[in-house]
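Asker: First, the structure itself, so that you have it in front of you.
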Amino acid sequence: MIRAAGVAEVTDADFEAEVIGAELPVLVEFTADWCPPCRQIAPVLSAVAAEQGDRLKVVQLDVDTNPETTNAYGVLSMPTLIVFRDGQPVKSMVGARPKRRLLEELADVL
Numbered sequence: 001m002i003r004a005a006g007v008a009e010v011t012d013a014d015f016e017a018e019v020i021g022a023e024l025p026v027l028v029e030f031t032a033d034w035c036p037p038c039r040q041i042a043p044v045l046s047a048v049a050a051e052q053g054d055r056l057k058v059v060q061l062d063v064d065t066n067p068e069t070t071n072a073y074g075v076l077s078m079p080t081l082i083v084f085r086d087g088q089p090v091k092s093m094v095g096a097r098p099k100r101r102l103l104e105e106l107a108d109v110l
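Numbered per full-length UniProt numbering, the sequence shown spans residues 1 to 110.
Okay, structure coming up:
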């Protein structure tokens with residue numbers, strides 16, 4: 001999996017604890033090693049995690065090794081970004097995007 005610096009990895013096993021039970025809103029990137037746009041968005045996610053860490057938790061989930069969570073949320077395209085708040089998915093975005101646009105799209109959930 002293409003790891004974004006400063007972004008934790010979650011799995012089927014700890015998704016409930018790390019995402020559903022999180023105090024902060026959580027941005028989950030559903031990613032895969034074979035996905036070129038996932039490589040493009042990795043530095044964007046790192047920057048968002050660094051800048052918004054007090055207001056937003058950013059994590060990555062590898063779709064190839066975590067099929068249960070991937071299927072549960074109907075994720076078909078990579079990267080898919082889903083924001084969870086109070087255990088519920090509140091926003092979903094597909095595809096890589098520049099940091100400014102991502103922050104604009106996240107403004108209503110932060």
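Just so it is clear, CB atoms sit at the ideal spot from N, CA and C, and this is done for glycine as well.
As the structure is a computational prediction, the values presented were derived from the model and not from experiment.
Expressed to the nearest angstrom, what Euclidean distance is found between the alpha-carbon atoms of V90 and P98?
Answerer: Stepping through the sequence shown from its first residue, residue 90 is reached at position 90. Stepping through the sequence shown from its first residue, residue 98 is reached at position 98. The straight-line gap from Cα to Cα measures roughly 21 Å.
Asker: On the CB-based measure, 16 or more other CB atoms within 10 Å of its CB, does N71 come out buried or exposed?
Answerer: Within the sequence shown, residue 71 is the residue found at index 71, counting from 1. Under this definition N71 is an exposed residue.
Asker: Tell me K91's beta-bridge partners as DSSP assigns them.
Answerer: In the sequence shown, the residue the question calls residue 91 occupies position 91. Looking at the DSSP assignment, K91 forms a beta bridge with V83.
Asker: Could you name the residues of the same chain whose beta carbon sits closer than 8 Å to that of R55, not counting the 5 residues immediately before and after it, in chain order?
Answerer: Position 55 of the sequence shown, counting from 1, holds the residue named residue 55. If we look at R55 and ignore the five residues flanking it on each side, its Cβ neighbours are L24, P25 and L110.
Asker: Going straight from the alpha carbon of Q40 to that of A96, what length do you get?
Answerer: Along the sequence shown, read from residue 1 onward, the residue named residue 40 stands at position 40. Along the sequence shown, read from residue 1 onward, the residue named residue 96 stands at position 96. Between Q40 and A96, the C-alpha separation is close to 7 Å.
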